[in-house]
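Using the numbering used here, read the sequence shown as starting at 2 and increasing by one per residue. Take a look at the structure set out below.
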Amino acid sequence: MTSASPGTEPAGNPTISQSGAAKRVLLAKPRGYCAGVDRAVVAVEKALELYGPPVYVRKEIVHNRHVVDTLSERGVIFVDETSEVPEGALVVFSAHGVSPAVHAEAAERNLRTIDATCPLVTKVHKEVNRFAKDDYDILLIGHEGHEEVEGTSGEAPDKVQLVDQAEDVEKVSIRDPSKVIWLSQTTLSVDETMERVDQLRERFPGLSDPPSDDICYATTNRQVAVKAMAAECDLVLVVGSTNSSNSKRLVEVALKAGARASHLVDFATEVDESWLEGVSTVGVTSGASVPDVLVMDLLTWLADRGYGQVDEVTTANEKIAFALPKELRKATKTDS
Numbered sequence: 002m003t004s005a006s007p008g009t010e011p012a013g014n015p016t017i018s019q020s021g022a023a024k025r026v027l028l029a030k031p032r033g034y035c036a037g038v039d040r041a042v043v044a045v046e047k048a049l050e051l052y053g054p055p056v057y058v059r060k061e062i063v064h065n066r067h068v069v070d071t072l073s074e075r076g077v078i079f080v081d082e083t084s085e086v087p088e089g090a091l092v093v094f095s096a097h098g099v100s101p102a103v104h105a106e107a108a109e110r111n112l113r114t115i116d117a118t119c120p121l122v123t124k125v126h127k128e129v130n131r132f133a134k135d136d137y138d139i140l141l142i143g144h145e146g147h148e149e150v151e152g153t154s155g156e157a158p159d160k161v162q163l164v165d166q167a168e169d170v171e172k173v174s175i176r177d178p179s180k181v182i183w184l185s186q187t188t189l190s191v192d193e194t195m196e197r198v199d200q201l202r203e204r205f206p207g208l209s210d211p212p213s214d215d216i217c218y219a220t221t222n223r224q225v226a227v228k229a230m231a232a233e234c235d236l237v238l239v240v241g242s243t244n245s246s247n248s249k250r251l252v253e254v255a256l257k258a259g260a261r262a263s264h265l266v267d268f269a270t271e272v273d274e275s276w277l278e279g280v281s282t283v284g285v286t287s288g289a290s291v292p293d294v295l296v297m298d299l300l301t302w303l304a305d306r307g308y309g310q311v312d313e314v315t316t317a318n319e320k321i322a323f324a325l326p327k328e329l330r331k332a333t334k335t336d337s
């Protein structure tokens, strides 16, 4: 996989100051909201502004408790299935994407839809369609049951086989060794994904790579930032929800990169003070669906316990931004 990320400027080699402070925080950058999450959340807020509540959202718009709870208070109704949305109502599809079957069901129910699928997820959907039309067997590396995987697999369910765990590699069955390609969920650990690719390539030497990286720039960048500081940390705290794949991967990456301990928390109040025993350096980062206010709350919580010195560890500067879904761009032009 390539190291370059679109919309990202390298920040050079990060320097970590070796101060004499007894307690300090290393704060990872990049962290928090990515362009796809920001676009999806703003899309729901704009729908509320244009049409008023209720606005329905299929699944969670992004995997973050704070975001979901805040939008619920403003009149957003989150549902598990499109069938729960009243006929003719407005529904937003989450950043994780949906299958063609979901789009078809929405059309049958005369729902007004806003598709807030992250453009990087849409790219993987298009890759599935492209290679399915060319009659490839598609090996999708991802986590079973994750919404993004369900949506991506649904583009060509007869051509896509999910590879989650190492034991899944042996279960794969292909028709033509010269026409097999691997694709991946966008929010995986880069290292773990390449381990799975190597295992697949042992079975299928002719395995083709994706036309471009499927793991999104933000997931990669956040993992690189954590790797840069983890070995210096007695503890790494990752702000994120337990159903956020990319947040959970940050905990795993921190531990593999040398952090003595790492934990995932939604809020500062979830930190167990016993974790701080004997800890001089705390690393802090957050998943791609986490608003930075939650990180600031955690920094305040840590400062109250003596960790007032904060050194930012910067490995990249992200510049990418995505336009709002076309349905909202049209509505905004109509209203203006």
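Using N, Cα and C, we set each Cβ at its ideal position, and we do this for glycine too. Here the structure is a predicted model, which means the values were calculated and not measured.
Asked: Short Cβ contact (8 Å threshold) for residue 263 with residue 280; Found: no
Asked: Segment contact flag, the stretch 45-60 with the stretch 85-103, C-beta cutoff 8 Å, min 3 pairs; Found: yes
Asked: Length at least 3, wholly inside the stretch 290-318: the beta strand (DSSP E) runs in chain order; Found: 310-315
Asked: Under the three-state DSSP convention, the category residue 281 falls into; Found: coil
Asked: Where residue 30 falls, given that 16 or more other Cβ within 10 Å makes a residue buried; Found: buried
Asked: CA-to-CA distance, residue 290 to residue 323, given in whole angstroms; Found: 15 Å
Asked: Straight-line Cα distance separating residue 41 from residue 50; Found: 14 Å
Asked: Start-to-end residues for the beta strand (DSSP E) that takes in residue 108; Found: That residue, residue 108, is in no beta strand (DSSP E); its alpha helix (DSSP H) goes 101-109.
Asked: Under 8 Å between C-beta atoms of residue 286 and residue 32; Found: yes
Asked: Backbone CA spacing between residue 5 and residue 64 [nearest angstrom]; Found: Only weak support exists for where residue 5 lies, its pLDDT of 45 falling under 50; the coordinates are left without a value.
Asked: Secondary structure of residue 96, DSSP reduced to three states; Found: coil
Asked: Span of the beta strand (DSSP E), counted from its first residue to its last, around residue 192; Found: Taken as a continuous stretch (DSSP letters only), residue 192 belongs to no beta strand (DSSP E), being part of the alpha helix (DSSP H) at 191-204.
Asked: The stretch 217-233 touching the stretch 165-180, judged by at least three CB pairs closer than 8 Å; Found: no
Asked: Spatially closest choice to residue 242 from 268, 277, 227, by CA coordinates; Found: 268
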